[in-house]
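Residue numbers (the working numbering), protein chains in the order written: chain C, 567 to 871; chain A, 11 to 284. Each remark here refers to the structure printed beneath this line.
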Amino acid sequence: MQRYVVHRLLQGLVLLFLVAAVVFFLGRLTGNPVDLMLPEGSTPEDRATMIRALGLDGPLYQQFLIFIGNALHGDLGMSIRMREPAVDVFFSRLPNTLALIPWAILLAMAVGIPLGVVAALNRGNIVDRAAGTIGVLGIATPSFWLGVVLIFVFSVELGWLPSGRMGSPAHYVLPVITLGSFLIAGFMRLVRSSMLDVMGSEFVKLARIKGLGEGVVIWKHCLRNALIPVLTLWGVFVGNLITGAIVTETVFAWPGIGRLTYEAVIFRDFPLLQAIIILKAMLILSINLAVDILYAYVDPRIRYA
Amino acid sequence: MHRVPWIPIGIIAIMACMALFAPLLAPYSPIDQALRDRLIPPFWLEGGSMAHVFGTDAFGRDVLSRLIYGSRVSLLVALLALTVGGGVGLTLGIVAGYIGGAVDNLLMRLVDAAFTFPAILFALLLAVTMGQGLLTLVIAISLLLWASFARVIRGEVLMLRQHDFVALAKVRGCSSLRIMVTHILPNVLNTFMVLVTLNIGVVIIAEASLSFLGAGIPPPTPTWGLMISEGRGRIADAWWLALIPGLAITLLVLSVNLFGDWLRDRLDPQLRQL
Numbered sequence: 567m568q569r570y571v572v573h574r575l576l577q578g579l580v581l582l583f584l585v586a587a588v589v590f591f592l593g594r595l596t597g598n599p600v601d602l603m604l605p606e607g608s609t610p611e612d613r614a615t616m617i618r619a620l621g622l623d624g625p626l627y628q629q630f631l632i633f634i635g636n637a638l639h640g641d642l643g644m645s646i647r648m649r650e651p652a653v654d655v656f657f658s659r660l661p662n663t664l665a666l667i668p669w670a671i672l673l674a675m676a677v678g679i680p681l682g683v684v685a686a687l688n689r690g691n692i693v694d695r696a697a698g699t700i701g702v703l704g705i706a707t708p709s710f711w712l713g714v715v716l717i718f719v720f721s722v723e724l725g726w727l728p729s730g731r732m733g734s735p736a737h738y739v740l741p742v743i744t745l746g747s748f749l750i751a752g753f754m755r756l757v758r759s760s761m762l763d764v765m766g767s768e769f770v771k772l773a774r775i776k777g778l779g780e781g782v783v784i785w786k787h788c789l790r791n792a793l794i795p796v797l798t799l800w801g802v803f804v805g806n807l808i809t810g811a812i813v814t815e816t817v818f819a820w821p822g823i824g825r826l827t828y829e830a831v832i833f834r835d836f837p838l839l840q841a842i843i844i845l846k847a848m849l850i851l852s853i854n855l856a857v858d859i860l861y862a863y864v865d866p867r868i869r870y871a
Numbered sequence: 011m012h013r014v015p016w017i018p019i020g021i022i023a024i025m026a027c028m029a030l031f032a033p034l035l036a037p038y039s040p041i042d043q044a045l046r047d048r049l050i051p052p053f054w055l056e057g058g059s060m061a062h063v064f065g066t067d068a069f070g071r072d073v074l075s076r077l078i079y080g081s082r083v084s085l086l087v088a089l090l091a092l093t094v095g096g097g098v099g100l101t102l103g104i105v106a107g108y109i110g111g112a113v114d115n116l117l118m119r120l121v122d123a124a125f126t127f128p129a130i131l132f133a134l135l136l137a138v139t140m141g142q143g144l145l146t147l148v149i150a151i152s153l154l155l156w157a158s159f160a161r162v163i164r165g166e167v168l169m170l171r172q173h174d175f176v177a178l179a180k181v182r183g184c185s186s187l188r189i190m191v192t193h194i195l196p197n198v199l200n201t202f203m204v205l206v207t208l209n210i211g212v213v214i215i216a217e218a219s220l221s222f223l224g225a226g227i228p229p230p231t232p233t234w235g236l237m238i239s240e241g242r243g244r245i246a247d248a249w250w251l252a253l254i255p256g257l258a259i260t261l262l263v264l265s266v267n268l269f270g271d272w273l274r275d276r277l278d279p280q281l282r283q284l
């Protein structure tokens with residue numbers, strides 16, 4: 567177990583280092599990164615001072631070491647637009663995104679899982695087809711557009727819900743639906759196919775032979791086992807949510823890290839974007855690591871595989 | 011199940027013609043502004059007319075014309091990104107699957123890494139460092155694609171490698187390169203084509219999302235994502251600006267996916283799990 571954890575931890579660190587390296591070298595791709603960092607209207611003296619201050623007059627490998635060294639001290643540069651350390655900006659916005667994500671996951675599970683089960687139970691008939699159509703539509707509809715449509719219907723036309731910003735529980739409804747939609751279709755398809763696999767297995771037959779009610783067999787014996795492959799794809803879902811949050815928060819002016827990413831792009835705030843990417847990579851990797859370890863703890867087959 | 015999906019094929023054909031013959035089909039210039047004709051609604055609403063079938067935007071530009079020209083960007087990016095990203099994935103998948111060993115191990119680690127880390131973030135970073143444009147967009151979306159191609163193709167190659175015809179080729183003295191190119195490659199092309207069709211939708215949505223986030227082809231070139239982005243601020247008084255291009259995206263992606271599902275069932279039933 568300990569070996570597994572250490573192994574996974576090292577893997578995560580290597581990956582994080584790679585992300586940092588890619589970010590660093592992309593920043594140097596277009597010439598001196600100072601040009602990306604300085605605000606417009608800076609004097610050549612400002613430029614020279616900044617180059618010296620950041621150690622950018624040395625050779626590239628030396629610059630990279632300084633960059634990594636600073637990063638290890640929690641310094642990922644200053645945001646151009648906000649004139650604050652990028653790390654601080656990120657962490658001040660993070661809670662707003664974290665307030666959104668659990669609800670989106672909950673919604674996706676509450677809709678996606680039953681739909682998948684029902685589709686599997688009705689394999690091939692009209693109900694399955696209908697669920698399949700929802701799945702296909704869910705994948706074909708760009709989520710940012712779905713957000714705009716929701717605003718149009720529920721805020722503009724019906725006037726039921728606010729169209730953006732954070733606030734009362736009503737403010738959560740539309741963003742949560744939009745963000746959840748990133749997962750619903752995927753959940754449904756996965757649950758459907760893995761339910762079909764499980765329903766043909768021996769222990770399900772046994773449960774039926776024992777005379778258990780159909781409800782218990784389906785929802786307890788089958789579903790529990792069918793959810794395992796869904797959990798394995800957790801890493802992909804976390805990635806989806808991080809991407810989804812960028813679009814969702816942009817549409818709904820939600821002040822989280824997704825919206826911050828968008829702002830960094832449109833204001834060409836390179837140091838901020840660089841910090842956001844590295845911090846998001848850290849976030850994704852630590853969540854994955856935590857889930858993997860939990861998983862290995864629960865299921866010995868993974869530890870020894 | 012195995013009926014030919016004529017409606018999706020028809021929609022794809024229409025969109026492809028729109029992209030190819032945009033200058034002939036578009037009734038107006040997609041870029042020139044006509045401030046006297048601002049925000050005319052589509053023809054079925056009060057105040058609309060057949061002169062501007064889908065109405066005009068805040069600069070008086072004809073929405074239909076922008077929609078027609080926008081299909082060019084979507085399809086061009088799809089074509090290029092699938093060629094580059096799919097091609098890289100195909101090559102790496104064959105190499106990893108056939109050579110095996112440490113090479114395979116390293117490549118599959120990279121694939122895993124690519125799956126955990128959202129490519130859209132790198133795409134945004136590229137847009138800021140390299141500047142917006144077609145090249146940036148193609149590189150960015152290729153980064154999104156290559157890993158899934160490499161993983162599936164590798165799986166196929168692992169199976170193919172066991173076959174007698176590969177062993178025979180080896181006995182006859184073919185080099186590894188020759189076996190990969192003339193024996194393995196033709197056998198994975200079906201799978202490759204299915205993957206390409208199934209990913210067209212992914213690319214179109216990715217391109218639109220990046221455009222929407224200000225990291226796509228820069229304005230004033232019309233793209234569907236940009237049209238939605240420009241239109242969403244006017245959702246209260248000119249909803250057609252944001253809703254019509256979104257419908258176009260959904261329709262095209264839906265058609266491509268239905269066509270892809272059918273093609274997969276025809277050519278490669280083993281891929282059903284995807």
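Just so it is clear, CB atoms sit at the ideal spot from N, CA and C, and this is done for glycine as well. The structure presented is a predicted model; accordingly, all values stated were derived computationally and were not measured.
Runs of alpha helix (DSSP H) with 4 or more residues, each lying fully within the region 133-190 of chain A, are found at 144-170 and 174-181, listed in chain order. The Cβ of Pro128 of chain A sits closer than 8 Å to at least one Cβ of chain C. Not one beta carbon of chain A lies nearer than 8 Å to the beta carbon of Leu622 of chain C. Cβ proximity to chain C below 7 Å picks out Arg242, Ile245, Ala246, Trp249, Ala252, Leu253 and Gly256 from the region 241-256 of chain A.
At the C-beta level, Gly682 of chain C and Val739 of chain C stay beyond 8 Å of one another. In the displayed model, Thr66 of chain A falls within a strand according to three-state DSSP. Against Tyr828 of chain C, the close residues of chain A are Leu223, in the order they occur along the chain (beta-carbon pairs closer than 7 Å). Against chain C, the CB of Asn115 of chain A has no partner CB under 8 Å away; the residue lies outside that interface.
With respect to Trp156 of chain A, Val98 of chain A sits close: the two C-beta atoms are nearer than 8 Å. Of all C-beta pairs linking the region 827-834 of chain C to the region 217-225 of chain A, three or more are shorter than 8 Å, placing the two stretches in contact.
Asp42 of chain A is not bridged by DSSP to any residue. Using a CB distance cut-off of 8 Å, Ala137 of chain A counts as an interface residue toward chain C. No residue range can be given for Glu650 of chain C, since it is assigned to no alpha helix (DSSP H) and is classified by DSSP as neither H nor E.
Residue pairing from DSSP places Asp72 of chain A in a beta bridge opposite A:Thr66. For a cut-off of 8 Å, the C-beta gap from Arg182 of chain A to Ala106 of chain A is around 24 Å, too long to register as a contact. In the three-state reduction of the DSSP assignment, Met644 of chain C falls in the strand class, which pools E and B. One thing to note: Phe159 of chain A has its Cβ within 8 Å of the Cβ of Gly95 of chain A. Burial state of Lys786 of chain C is exposed, judged by a 10 Å Cβ sphere holding fewer than 16 other Cβ atoms.
Between the alpha carbons of Thr609 of chain C and Ala811 of chain C lies a distance of about 37 Å. At a cut-off of 8 Å, the C-beta of Ser219 of chain A has a neighbouring C-beta in chain C.
Within chain A, the C-beta atoms nearer than 8 Å to that of Phe718 of chain C come from Ile245, Trp249, Ala252 and Leu253, in chain order. Counting only Cβ-Cβ distances below 9 Å, Phe836 of chain C has contacts in chain A at Leu135, Val138 and Thr139, in chain order. Ala619 of chain C has its alpha-carbon roughly 44 Å from the corresponding atom of Thr93 of chain A. Here the region 705-725 of chain C lies against the region 252-267 of chain A, with 3 or more beta-carbon pairs under 8 Å apart. Counting every other CB atom within 10 Å of its CB across the protein chains shown gives Thr207 of chain A a total of 16 or more, marking it as buried.
With respect to chain A, the C-beta atom of Leu581 of chain C has a partner C-beta closer than 8 Å.
The DSSP-derived three-state label of Ile227 of chain A is coil.
In the structure shown, His639 of chain C adopts coil according to DSSP, grouped into three states. Here Asn691 of chain C is exposed: its Cβ has fewer than 16 other Cβ atoms, across all protein chains shown, within 10 Å. In chain order, Gly701 place their CB closer than 6 Å to the CB of Arg755 of chain C, counting only its own chain and leaving out the 5 sequence neighbours on each side. By the neighbour-count definition (other C-beta atoms within 10 Å, threshold 16), Val83 of chain A is a buried residue. A straight-line Cα-Cα distance of about 51 Å links Trp249 of chain A and Leu576 of chain C. Using a 10 angstroms sphere on the CB of Gly211 of chain A, the tally of other CB atoms reaches 16 or more, which defines it as buried.
Counting C-beta atoms within 10 angstroms of its own C-beta, Glu815 of chain C has 16 or more neighbours from the protein chains shown and is therefore classed as buried. Here Ile750 of chain C is buried. Its C-beta has 16 or more other C-beta atoms within 10 Å.
Following the DSSP letters along the chain, one finds Pro680 of chain C inside the alpha helix (DSSP H) bounded by residues Ile667 to Leu687.
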